Amino acid sequence: MKRLLGFYIFAVLVLGLGLLFPDDYYVTVVGTTVIQNIVLAVSLNLLMGNAGQISLGHAAFFGMGAYISAILTTRFGINPWAAMVVSAITVAVISYLISKPILRLKGHYLAMATLGVGIIIHIFMVQADSITGGPDGMSDIPGLSILGHAIEGDFAWYMLFALFMLFVVWAALNIVDSRAGRALAAVHGSEIAAQMVGIDTARVKTHIFVFSTVIASLVGSLFVHQQAFVSPESFSFFFSVELVTMVVLGGLASVFGSVFGAVILTLLPEFLLVFEDYEVLIYGAILMIIMIFLPDGLFVTMKRNILHWLQKRKGAENTEHPSPGMEG
Amino acid sequence: MDQFLQFLITGITVGSIYALVALGFTIIYNASDVVNFAQGEFVMIGAMTAIYLSGKGMPLILSAVTAVAVTVVIGMLLEKLAIEKARNATVVTTIIITIGASILLRGAALLLWGKDYYGLEAFSGEEPIHIGTATILPQNLWVIGGTAIAVLCVKFFFDRTMLGKAILACSFNKRAASLVGINVRMMLLIAYGLSAGLGACAGILIAPITFMSYQSGVMLGLKGFCAAILGGMGNSTGAVAGGLLLGILEALGAGFISSGYKDAISFFIILLVLFFRPSGLFGKAGTERV
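Sequences listed follow chains V and S, in order.
By the numbering used here, the letter at position 318 of the first sequence is numbered 381, and the numbering carries on one by one without gaps.
By the numbering used here, the letter at position 239 of the second sequence is numbered 240, and the numbering carries on one by one without gaps.
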């Protein structure tokens with residue numbers, strides 16, 4: 064109970080917001096985008112923060128899920144849920160196949176390779192217009208329904224996205240605290256040392272890569288049915304970089320850090336109208352300043368300082384029972 | 002065959018630009034172990050500044066020199082304000098810092114010049130020169146010639162001058178270099194300035210052929226990175242060869258396969274190189290230190 068306390072509070076908050084303000088634009092419309100970005104950032108962070116494998120192509124997998132769902136449902140009339148599963152399986156197979164050669168690479172080689180994969184997939188979306196609709200994209204994509212009830216309206220979509228996001232956050236928290244999570248942390252620390260203690264590093268990295276791309280694909284499918292429209296613009300290299308910014312802003316390897324990063328960076332442009340012209344500039348500045356001065360991320364640094372402060376106060380009141388520090 | 006010649010001319014022209022960008026990458030990589038994702042932005046800033054100044058009525062040569070100087074200063078600022086502050090950062094961290102720098106510079110360019118595309122006047126007219134049935138613009142010759150001169154100057158600088166050798170010494174071993182009295186910080190600053198200057202030259206040379214906007218640096222930078230990997234990261238001869246090769250392959254691919262997939266072809270080549278020969282065409286295979 065205590066381990067997942069933060070998660071339960073978060074779940075109540077997310078669902079409660081939706082129930083209390085079902086008609087509020089910022090909660091159910093902007094909120095749905097926030098939730099979508101939380102899913103993407105959390106899944107990317109498992110790869111970047113926990114396994115230490117940088118990816119500059121995450122948006123492409125999000126896009127693959129979206130496009131495969133769009134194509135299967137509009138051109139072949141397949142049930143959206145079945146299409147979603149097919150997209151996820153396709154993405155899993157593709158990412159499994161490319162994970163072998165890609166995850167052998169390190170540092171900037173890995174950055175270049177993931178970037179290359181992302182750009183190739185994006186170019187395909189733009190150029191293969193007989194399949195993808197080209198730069199204009201595809202429209203009239205059907206919505207989703209559960210047990211015969213069509214999901215309609217912002218509130219219903221918000222709740223669906225929220226439930227999926229909570230599942231992903233819950234899964235991520237559990238992965239981090241599991242045997243696999245500790246293996247990941249070991250791989251991040253030193254791959255050779257991890258091999259020495261008997262961890263099959265290639266397998267661990269492959270698993271987490273496939274898992275994180277499948278999550279991105281699933282949220283891509285949800286996104287495309289909610290929007291009823293898809294175009295390549297949503298899945299460019301720049302969006303991949305934006306996702307990396309969210310992860311980094313919150314803090315590598317911190318699940319709630321990614322939640323924090325996604326919330327802040329999705330809401331900022333909404334609330335600051337003047338932000339529009341400066342958006343690119345501010346993104347760049349945030350990325351640089353955080354990485355130079357707070358390489359652990361804003362959320363993680365704040366949390367550490369608060370815990371430290373609480374502990375000091377507690378220690379001052381009752382020196383006989385110093386409480387152990389909480390990390391994670 | 003004539004078509005082939007025409008594509009070859011295009012390829013060598015574009016390849017020259019990639020070669021300059023790749024050479025800039027290599028200088029920074031050797032000096033500081035940083036892969037500078039903002040390299041393409043140096044190209045864009047050089048080109049845009051020159052275009053802006055010559056548009057304001059400044060003579061072409063003067064605008065070009067000023068643009069290079071401005072870019073050199075920006076390169077040095079990047080080193081001083083960002084890279085130096087994050088000296089002990091991991092590879093992933095420095096990658097993200099330079100990506101941040103590239104976004105920041107792009108954002109600044111967007112504020113200054115908007116989203117429009119601008120061209121620069123050709124250095125010496127637009128009268129095409131015929132070679133058989135293929136044609137070549139005077140500007141293509143400027144690009145190829147300018148690149149050749151720049152590459153030779155860089156080679157001379159590193160092989161024959163004390164300053165160049167001092168920078169090389171830093172790239173081999175910073176501590177040993179500082180022990181023999183080399184000001185390592187200063188050398189890093191010069192390396193970043195030199196690399197930025199090369200990028201600016203590339204931008205100014207190519208601006209009359211391809212129109213430039215605040216976003217033009219992204220692809221050029223990434224292609225330069227591809228070229229550097231193709232040639233073998235850290236190898237300056239390899240970087241130049243890689244740039245030319247990539248330019249030619251891309252032009253042939255665009256001409257004979259599909260122009261829409263031109264960029265995809267480059268990245269596909271790079272993936273193949275990374276998968277099968279990560280040390281590049283001219284690099285030596287290395288082993289990882291624990």
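Positions of the beta carbon are idealized from the N, C-alpha and C atoms, including for glycine.
These numbers were taken from a predicted model, which means no experiment stands behind them.
The C-beta of A213 (chain V) has fewer than 16 other C-beta atoms within 10 Å across all chains shown, which makes the residue exposed.
Residues of the same chain with a CB within less than 6 Å of the CB of A129 (chain V), apart from the 5 flanking positions on each side, are G283, F286, V287 and V293 in chain order.
Any Cβ of chain S closer than 8 Å to the Cβ of H171 (chain V) would place that residue at the interface, and such an atom is present. Q289 (chain V) and D87 (chain V) have their C-alpha atoms some 17 Å from each other. Membership of A135 (chain S) in the beta strand (DSSP E) is indicated by the continuous run A135 to I137. The beta carbon of K86 (chain S) sits closer than 8 Å to some beta carbon of chain V. Of the residues assessed, G146 (chain S) falls on the exposed side of the cut-off, its CB having fewer than 16 other CB atoms within 10 angstroms. Residue state for F292 (chain V) is assigned as strand, using DSSP reduced to three classes.
Residue V:G360 holds the alpha-carbon nearest to the alpha-carbon of G112 (chain V) among V:L370, V:G360, V:L373 and V:S303. Here P198 (chain V) is exposed: its Cβ has fewer than 16 other Cβ atoms, across all protein chains shown, within 10 Å. Under DSSP, the beta-bridge partners assigned to I130 (chain S) are S:I137. With respect to chain V, the C-beta atom of G101 (chain S) has a partner C-beta closer than 8 Å. Straight-line measurement puts the Cα of M175 (chain V) at about 22 Å from the Cα of V105 (chain V). Around V231 (chain V), the same chain offers V102, V105, S106 and I278 as residues with beta carbons nearer than 7 Å, after the five sequence neighbours per side are excluded.
Here A87 (chain S) carries a coil assignment [DSSP, helix/strand/coil]. Along the length of the stretch 50–110 of chain S, whole alpha helix (DSSP H) runs at least 4 residues long occupy 61–79, reported in chain order. Residue nearest to L281 (chain V) within the set V:F124, V:A114 and V:G252 is V:F124 (criterion: CA-CA distance). Ranked by Cα distance from G25 (chain S), the first of S:P60, S:A151 and S:E128 is S:A151. Note: H212 (chain V) is bridge-paired with V:I209 in the DSSP secondary-structure output. With a threshold of 16 other beta carbon atoms within 10 Å, Y71 (chain V) falls short and is exposed. G198 (chain S) is a Cβ neighbour of V73 (chain S), given a cutoff of 8 Å. For M163 (chain S), the enclosing alpha helix (DSSP H) starts and ends at M163 to F173. P209 (chain S) is not a Cβ neighbour of A135 (chain S), given a cutoff of 8 Å.
The alpha-carbon of E42 (chain S) is positioned some 51 Å away from that of G378 (chain V).
Taking one beta carbon from each stretch, the stretch 156–170 of chain V and the stretch 260–280 of chain V have 3 or more pairs nearer than 8 Å; the two touch. Under the 8 Å Cβ criterion, the stretch 322–335 of chain V does not count as touching the stretch 195–211 of chain V, having fewer than three qualifying pairs.
A291 (chain V) places its beta carbon less than 8 Å from that of D203 (chain V). Using a Cβ-Cβ cut-off of 8 Å, Q258 (chain V) does not count as an interface residue toward chain S, since no Cβ of chain S sits closer than that to its own.
At least one CB atom of chain S sits nearer than 8 Å to the CB of M175 (chain V). Inclusion of V92 (chain S) and G200 (chain S) in the CB contact set at 8 Å is not warranted, their separation being larger than that value.
Annotation: L21 (chain S) to L273 (chain S) spans about 23 Å, alpha carbon to alpha carbon.
Per DSSP, reduced to three states, the secondary structure at S202 (chain V) is strand. If you compare the alpha carbons of S:C154, S:S172, S:S125 and S:L78 with that of A102 (chain S), the shortest gap goes to S:L78. For Y119 (chain S), the pairing in a beta bridge is given by DSSP as S:M213. Among the residues of the stretch 12–28 of chain S, none has a Cβ less than 8 Å away from any Cβ of chain V. Around the beta carbon of A177 (chain S), fewer than 16 other beta carbons lie within 10 angstroms, which makes this residue exposed.
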